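Enquirer: Letter by letter, the sequence shown follows residues -30 to -1, 1 to 275 of mature numbering (1 follows the signal peptide of the UniProt record, and there is no 0).
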Amino acid sequence: MTKKTVLQNKTFFKYILMFILLLVINSSCAENIVKPDDTNIKPLPLPDITKPSTEPSDTAGSDTAGSDKIDNSNAVQLHLVIAADTSDSQIGRSVAVDSKKFQTLMEDIVNQSRGELVLKKIVLESNALNNNNLLRAIDFPKVNPDDIFIFLYAGHGHRFQSTPTRWPLMDTPGRVTDFAVVIEKIKNKNPRLFILLADCCNAVIDVPLRRFLYSARELNFDAIKQMFLISDVQIAASGSLPGQFSYGNNEQGGLFTSSFLSNLSQALLSNGAGWEDIFQKTRQDVVNMSGLSGNEQTPQYQRYK
């Protein structure tokens, strides 16, 4: 064998070894690709909505006494689903205010519950909001008998003359979602306590007035205990009666949502209150505030338990 042939053979084997090495590397990379979790909510064609995860969607109540670690194994789950049409050109900014303030108050309640509550949160905003995703987000949580379910829709809404219930049709992108269907789905999950809110018009189109007076302060644990850990009330409410508009602005958010949060936070900062008292005060506040600007908006609520 000539010297030239030997060199050619060495070069050939060198390329073979490089080729094998590349195959091994590619195979290793393929095995390390993170695959989607089959338990995720998989909307089409919009981005995935994942199940609530430890960070940032799960919030465990902190121990105000300062212990190093809290056992949350027996904590009550507070399931929070927020659907906010933040990308709407007319009311998107107002709706975003509602969503942010609502989340802040719920997180403060959980964080000051001394480990008695744990937050399971799904928030649908912008392109993630559609009928399919909303119904999946409601169906997804596994609800235990002692759990709490809180729902907020903030966006456009309407009704038809033929709409059979008092509740609005929520204008979720792609296809409307009947608030009555949402109520029924959550009722069937049988949580101990549910508060379901639809801050939207109950007529045809939203028209942009709306005030929330809450800043992060220490809440009264006894009030949290009374209203969230003991109460078994089940209430659904919408921001206006059939045929009415709901009002708001970009600074304060929705008049109904802002009034509800103000009354709830005031109760939690003092000695608590009955849930029906919260809704009665909210209704009166909205009637008074909308009347000041020459508008008519009357929230409605129904107690199921």
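We put the beta carbon where it would ideally sit given N, CA and C, even for glycine. Remember, it's a predicted structure, so these values are computed and weren't measured experimentally.
Looking at residue 168 and residue 272, is the spacing between their C-beta atoms short of 8 Å?
Expert: No, Cβ-Cβ distance for residue 272 and residue 168 is not below 8 Å.
Enquirer: Residue range of the alpha helix (DSSP H) that residue 149 falls in?
Expert: Start and end: 149 to 159.
Enquirer: Could you check where the alpha helix (DSSP H) with residue 71 kicks off and where it finishes?
Expert: First-last of the alpha helix (DSSP H) with residue 71: 62 to 81.
Enquirer: Out of curiosity, what's the CA-to-CA distance linking residue 144 and residue 122?
Expert: So the two alpha carbons sit approximately 19 Å from each other.
Enquirer: Could you check which residue in 201, 270, 262 has the C-alpha nearest to that of residue 118?
Expert: Looking at the Cα atoms, 201 is the closest of the given residues.
Enquirer: State the CB to CB distance for the pair residue 172 and residue 132, rounded to an integer number of angstroms; the pair is presumed to be in contact (CB under 8 Å).
Expert: Wrong, their Cβ atoms sit about 14 Å apart, outside the cutoff.
Enquirer: Assess contact between the stretch 67 to 76 and the stretch 139 to 156, defined as three or more Cβ pairs (one per stretch) separated by less than 8 Å. Is contact present?
Expert: As far as the Cβ criterion goes, the stretch 67 to 76 does not touch the stretch 139 to 156, which means the pair count is below three.
Enquirer: Name, in chain order, the residues that DSSP records as bridge partners for residue 219.
Expert: In DSSP, residue 219 forms a bridge with 223.
Enquirer: Which two residues bound the contiguous beta strand (DSSP E) that contains residue 47?
Expert: Taken as a continuous stretch (DSSP letters only), the beta strand (DSSP E) holding residue 47 covers 46 to 54.
Enquirer: Assign residue 232 to one of three DSSP states: helix, strand, or coil.
Expert: Helix, per DSSP.
Enquirer: Report, in whole angstroms, the separation of the C-beta atoms of residue 104 and residue 53, which I expect to be a contact under 8 Å.
Expert: Indeed, because the Cβ distance is near 5 Å, the residues count as touching under 8 Å.
Enquirer: Is residue 145 helix, strand or coil when you go by DSSP?
Expert: Coil.
Enquirer: Straight-line CA distance for residue 240 to residue 46?
Expert: So the alpha carbons of these two residues sit roughly 22 Å apart.
Enquirer: Is it buried or exposed for residue 127, if we count other Cβ within 10 angstroms and need 16 for buried?
Expert: With 16 or more other Cβ atoms within 10 Å, it is buried.
Enquirer: Within the same chain, show all residues whose beta-carbon is closer than 6 Å to that of residue 93, passing over the 5 residues directly before and after it, in chain order.
Expert: Excluding positions up to five away in sequence, the list reads 52.
Enquirer: Check this for me: beta carbons of residue 96 and residue 57, under 8 Å apart or not?
Expert: Yes. Within cutoff.
Enquirer: Within 10 Å of its beta-carbon, does residue 158 have 16 or more other beta-carbons around it, so buried, or fewer, so exposed?
Expert: Classification of residue 158: exposed, given that the 10 Å Cβ count is below 16.
Enquirer: Which same chain residues end up closer than 6 Å to residue 197 when comparing Cβ atoms and leaving out the 5 residues on each side of it in sequence?
Expert: Excluding sequence neighbours, residue 197 sits near 242.
Enquirer: Within this structure, are the beta carbons of residue 256 and residue 215 separated by less than 8 Å?
Expert: No. Outside cutoff.
Enquirer: Thinking C-beta only, is residue 147 closer than 8 Å to residue 101?
Expert: Yes, these two residues count as a Cβ contact at 8 Å.
Enquirer: Pull the bridge partners of residue 214 from the DSSP assignment, please.
Expert: None; residue 214 has no bridge partner.
Enquirer: Which residues mark the beginning and the end of the alpha helix (DSSP H) in which residue 88 is found?
Expert: No alpha helix (DSSP H) holds residue 88; the beta strand (DSSP E) holding it covers 87 to 95.
Enquirer: Straight-line CA distance for residue 258 to residue 75?
Expert: Looking at the two C-alpha atoms, the distance is approximately 24 Å.
Enquirer: Suppose the cutoff is 6 Å on Cβ atoms and the five residues either side in sequence are ignored; what does the same chain contact list for residue 164 look like?
Expert: Here the set comprises 119, 156, 204.
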